[in-house]
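Colleague: Just passing along the structure, written as structure tokens.
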Amino acid sequence: MDVALAGGFLSDRLAFAFASGYQAALRALWPELPADRRAALCATEAGGGHPNAIQTRLSRDTGGGPWRVTGEKTFVTLGTAAEVLLVVASEGRDAQGRNRLRVVKVDAHREGVQLSGMPPLPFAPELPHAGVRLEAVALAAGEVLPGDGYAHYLKPFRTVEDCHVQAALLGWLLQVARRSNWPGRVRDEVLAVAVAIRALALADPSSDAVHVALGGVLDLSQRLLEGLEPWWPAVEAGTRERWERDKGLLGVAGKARAKRREVAQQRLADGADTEP
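This is the structure:
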């Protein structure tokens, strides 16, 4: 989490702050990732990002041999810049018909991996996105990661990513505030929300209480951003213009966050918090 804050503070634009937060979020769940190689999570397919939509297959020949992963991902953040891919794949269905997911770690330059760059988005165009095709890619020992791919990785990542990306944004805003001589009171407000986000990032990402609290802190952050509008004229033109172009990035996945918060609130009302 502190890396996300620091990375945001050192970034000269929102896109690079986002990338810093995204990389820090990946390492919060996969601490074994190399520090000097960019990584990307590959989950979304043609049918979306829901666990039941994952059709990428993890399989092994009946006579032994390496595990192989085959499939296609349609939207991978930082895809063409990534050197390590964390691919969500299915082992098949369980007795209840649920998709049994695993996560595999693949070198982006391995034989059978094809990355296809996508056109830049209208906001934060410096962030590359890609589609990924995997053709029977052989996996080395240890590249099929332990644990349930959904419960241990994909599900908590949404919360972990929200915390780390928001922290990076706030770190970037704090740098803008200092560089532009915004009042100390304003800088203190940015720092206060950052501290709240940091505390939530250290909590259990599967907890309903954490989901509700995170929703509240994100609301605080939104009100903070609205309150900063009078101070942007003091910011140098290039930074100000990029902010106007890129702030739409903050609304990405807003519906999913709202739904997660709603479900968590209902579970808490029913006395069924997921926190142990």
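With my numbering applied, the sequence shown has no gaps in its numbers, which climb one by one up to 280 at the end. All C-beta atoms in this analysis are idealised placements derived from N, C-alpha and C, irrespective of residue type, glycine included.
Report the residue ranges of all alpha helix (DSSP H) runs contained in full by the segment 108–148; include only those spanning at least 4 residues, in chain order.
Modeller: Qualifying alpha helix (DSSP H) stretches: none in this window.
Colleague: Below 8 angstroms on the Cβ atoms is my contact criterion, and I expect V88 with R41 to pass it. Report the Cβ-Cβ distance as a whole number of Å.
Modeller: Your numbering for residue 88 matches position 84 in the sequence shown. Your numbering for residue 41 matches position 37 in the sequence shown. Their Cβ separation, rounded to whole angstroms, is 5 angstroms, which keeps V88 and R41 in contact under 8 angstroms.
Colleague: Which of helix, strand or coil does DSSP assign to G53?
Modeller: Position 49 of the sequence shown holds residue 53. Correct three-state label for G53: coil.
Colleague: Let me know the secondary structure DSSP gives A217 once reduced to three states.
Modeller: Translated into positions along the sequence shown, residue 217 becomes position 213. Residue state, collapsed to three classes: helix.
Colleague: Quick check for students: name the residue ranges of the alpha helix (DSSP H) that lie wholly in the segment 215–278, counting only runs of 4 or more.
Modeller: Restricted to the segment 215–278, the alpha helix (DSSP H) segments that are unbroken, complete and at least 4 residues in length are 241–250, 258–273, listed in chain order.
Colleague: Taking the DSSP output, what are the residues bridged to R106?
Modeller: As a first step, residue 106 is located in the sequence shown; it is residue number 102 there, counting from the start. Per DSSP, A93.
Colleague: For C46, which beta-bridge partners are listed by DSSP?
Modeller: In the sequence shown, counting from the first residue as 1, residue 46 sits at position 42. Per DSSP, V91.
Colleague: Given that a residue counts as buried once 16 or more other Cβ atoms are within 10 Å of its Cβ, and exposed if not, what is A155?
Modeller: Within the sequence shown, residue 155 is the residue found at index 151, counting from 1. Result: exposed.
Colleague: Return the residue from the list A50, F13, E139, K263 that minimises the CA-CA distance to R162.
Modeller: Here residue 162 corresponds to residue number 158 of the sequence shown, with the count starting at 1. Minimum Cα distance to R162 is reached at K263.
Colleague: Report, in whole angstroms, the separation of the C-beta atoms of L204 and C167, which I expect to be a contact under 8 angstroms.
Modeller: Numbered from 1 along the sequence shown, position 200 holds the residue referred to as residue 204. Numbered from 1 along the sequence shown, position 163 holds the residue referred to as residue 167. At roughly 6 angstroms, the Cβ-Cβ gap stays under 8 angstroms, so L204 and C167 are in contact.
Colleague: Out of curiosity, what's the CA-to-CA distance linking L45 and G51?
Modeller: In the sequence shown, counting from the first residue as 1, residue 45 sits at position 41. In the sequence shown, counting from the first residue as 1, residue 51 sits at position 47. Each residue's alpha carbon lies about 17 angstroms from the other.
Colleague: With C-beta atoms as the reference, is L272 less than 8 angstroms away from G12?
Modeller: As a working note, residue 272 is residue 268 in the sequence shown. As a working note, residue 12 is residue 8 in the sequence shown. Cβ atoms of L272 and G12: not closer than 8 angstroms.
Colleague: A43 and L90 look like a contact to me (Cβ under 8 angstroms); what is the Cβ gap, rounded to whole Å?
Modeller: Along the sequence shown, read from residue 1 onward, the residue named residue 43 stands at position 39. Along the sequence shown, read from residue 1 onward, the residue named residue 90 stands at position 86. So it is a contact: roughly 6 angstroms between Cβ atoms.
Colleague: Might you give, ordered along the chain, the residues of its own chain that have their beta carbon closer than 7 angstroms to the beta carbon of A128, omitting 5 neighbours on each side?
Modeller: Looking up residue 128 in the sequence shown gives position 124. Taken in chain order, the residues that qualify are L18, A19, F22, D250, L253.
Colleague: Just mark G255 as buried or exposed, buried being the case when its beta carbon has 16 or more other beta carbons within 10 Å.
Modeller: Taking the first residue of the sequence shown as 1, we reach residue 255 at position 251. So G255 counts as exposed.
Colleague: Can the beta-carbon of P132 be found closer than 8 angstroms to that of G83?
Modeller: In the sequence shown, residue 132 corresponds to position 128, counting from 1. In the sequence shown, residue 83 corresponds to position 79, counting from 1. For P132 and G83, yes; Cβs fall inside 8 angstroms.
Colleague: Quick check: P35 and N103, are their CB atoms within less than 8 angstroms of each other?
Modeller: One-based indexing of the sequence shown puts residue 35 at position 31. One-based indexing of the sequence shown puts residue 103 at position 99. Not closer than 8 angstroms, so no.
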